[in-house]
Amino acid sequence: MIVSPICEMLGIKYPIFQGGMAWIADGKLAAAVSNGGGLGIISAMNADADYLKGQIDIARSLTDKPFGVNIMLMSPYADEVAEIVAREKVPVVTTGAGIPAKYMPRWAEAGVKVIPVVASVAMAKKMERCGAVAVIAEGMESGGHIGELTTMAIVPQVRDAVSIPVIAAGGIADGRGVAASLMLGACGVQLGTRFLVAEECSVHQNYKEMVLKAGDISTAVTGLRFGGNTCRSIKNAFTRNFQKEEYSPDATAESVALLGVGALRKAAVEGDKQDGCFLAGQIAGLVSKEQPAAEIIEEIFKEAEALLKGAASWVK
Amino acid sequence: MVFEKICGIIAEKINCDASTLSEDTKFADLGIDSLDVTELVMNIEDEFGIELEVDSSLQSVGDLVKLVESKLD
Ligand SMILES: Cc1cc2nc3c(=O)[nH]c(=O)nc-3n(C[C@H](O)[C@H](O)[C@H](O)COP(=O)(O)O)c2cc1C
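So the sequences go chain by chain: A and B.
Residue numbering for the first sequence follows numbering that gives the first Met the number 0, starting at 0 and increasing by one per position.
Residue numbering for the second sequence follows numbering that gives the first Met the number 0, starting at 0 and increasing by one per position.
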């Protein structure tokens, strides 16, 4: 049994989060992960408060375990979904793409624990000062929006810079990744890519096929040139076209911003293998079968436990 | 005073000559991205003993100076 401070803090059995995934992580997936002993997270993405309330109700009808909500701070509905999280007293909120300082007092009053995703030491320190109870240090191996640092580099540096617990994310999909994260100073992990192929994940079947088929070098990064919306996804016609346009001499930040519009929906809902944006991480090559979320979690922690028990054999 | 201090912090961070910075200098032109801005803000918070909001409205040296001055009043 691997027990870490984050388990006690959040009332979960295994120190593992299923990361927020726009267009994908709904109430059903979150409930399956929470029932499996981890922390499931509903993605509020760019939808309004009614959508989120509906997903929270679905999760509550499927589990009595704690779960979380992920808010993208640049969403046009950020204010209203932040309020729903407080009103519904969702146990945990994770945030991406920015600093949620303006919502922190309201969430604190409602007893919502705030665990932001950070991409640098300075961001982690800022979050700690604002009242975050933990931070998720995410490396650029991950699927979705990415920063500059790798998981190997960011986790120990963030760990040294803050006194709140650190969750490692990016490139973790099995017990080896969990064991390594704990050694780097994390006290938990967040996975996205592996949960894409959970049986309870309602993403289009073509999406799952793309992830299952992906190898180590199957992902590409788009949006790097002008920044702001740098993403990792599986190489396809969409990424090739994006990169061609992005690096053409007359590209501008504005013209590039339009390239990704609607592409996430095309991938997750329509399963359009050509023009969809299939966000996934470098570790997709390790993900090889569809399984129930609870089985994924148990398998990962059984492996991590065996590895950590055997670790002493290195020391003579 | 605030302006000089902030220019000093920026110059120190990106290894440039502080006298080349003005209120109009855009972060984008210095190669300073949003992660760098967060780091600058943390250094400034420590230096002045204040708390600042970081958001995408911080685009230039002048924006940062104005924000800090509003907290010092
Ligand atoms: C399809 C997909 C969508 C994602 N969407 C979001 C999101 O909306 N908000 C967010 O904070 N992180 C998002 N992420 C990041 C995950 O929450 C998680 O931190 C990341 O996937 C961990 O790295 P891994 O993919 O290597 O497991 C997304 C990741 C994937 C794969």
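Just so you know, even glycine gets a beta-carbon here, dropped at the ideal spot from N, CA and C.
- Judged by DSSP secondary structure, Q281 (chain A) falls outside any beta strand (DSSP E); it is assigned neither H nor E.
- The three-state reading of DSSP puts K112 (chain A) in strand, counting E and B together.
- By DSSP's assignment, I41 (chain A) forms a beta bridge with A:V68.
- Taking 8 Å as the upper bound for CB-CB distance, A121 (chain A) and E11 (chain B) are not in contact here, some 14 Å apart.
- The three-state secondary structure of V89 (chain A), taken from DSSP, is coil.
- At least one heavy atom of ligand 1 lies less than 7 Å from the C-beta of Q189 (chain A).
- Under the three-state reduction of DSSP, S33 (chain B) is assigned to helix.
- Under the Cβ criterion of 8 Å, E38 (chain B) is counted among the residues facing chain A.
- Take the alpha-carbon of N42 (chain B) and the one of L263 (chain A): they are about 37 Å apart.
- Of all residues in the segment 43-54 of chain B, only E44, E50, E52, V53 and D54 come within less than 8 Å of chain A when Cβ atoms are compared, listed by chain position.
- Excluding its 5 nearest sequence neighbours in each direction, P291 (chain A) has C-beta neighbours in its own chain below 8 Å: A31, G35, A197, E198 and E199, listed in chain order.
- Taking 8 Å as the cut-off, the Cβ atoms of K52 (chain A) and I83 (chain A) count as close.
- A distance of 8 Å or more separates the beta carbons of A310 (chain A) and A213 (chain A).
- Within the segment 176-247 of chain A, the complete alpha helix (DSSP H) runs of at least 4 residues fall at 204-212 and 236-245.
- Distances taken from the Cβ of I23 (chain A) to the heavy atoms of ligand 1 include one shorter than 7 Å.
- According to the DSSP assignment, Q17 (chain A) belongs to the beta strand (DSSP E) that extends over I15 to Q17.
- When A:V268, A:A160 and A:S141 are compared, the shortest CA-CA separation from Q204 (chain A) is found for A:V268.
- In the three-state DSSP reduction, Q156 (chain A) falls in the helix class (H, G or I).
- A Cβ-Cβ separation of about 6 Å places G18 (chain A) in contact with A168 (chain A) under the 8 Å criterion.
- By the neighbour-count definition (other C-beta atoms within 10 Å, threshold 16), T19 (chain B) is an exposed residue.
- The alpha-carbon separation between R193 (chain A) and V286 (chain A) amounts to approximately 6 Å.
- Each residue's CA atom was taken as its position, placing S60 (chain A) and G26 (chain A) some 9 Å apart.
- Under the 10 Å beta carbon count, E127 (chain A) is surrounded by 16 or more other beta carbons and is classified as buried.
- Interface with chain A (8 Å Cβ-Cβ cutoff): L66 (chain B) is excluded.
- According to DSSP, E137 (chain A) shares a beta bridge with A:A168.
- Interface criterion not met: the Cβ of G284 (chain A) is under 8 Å from no Cβ in chain B.
- Inter-segment contact for the segment 177-192 of chain A and the segment 0-8 of chain B is absent: fewer than three beta-carbon pairs are separated by less than 8 Å.
- Shown here, S18 (chain B) sits in a helix according to DSSP, grouped into three states.
- Out of A:V154, A:M20 and A:K112, the CA that lies nearest to the CA of G95 (chain A) is found in A:M20.
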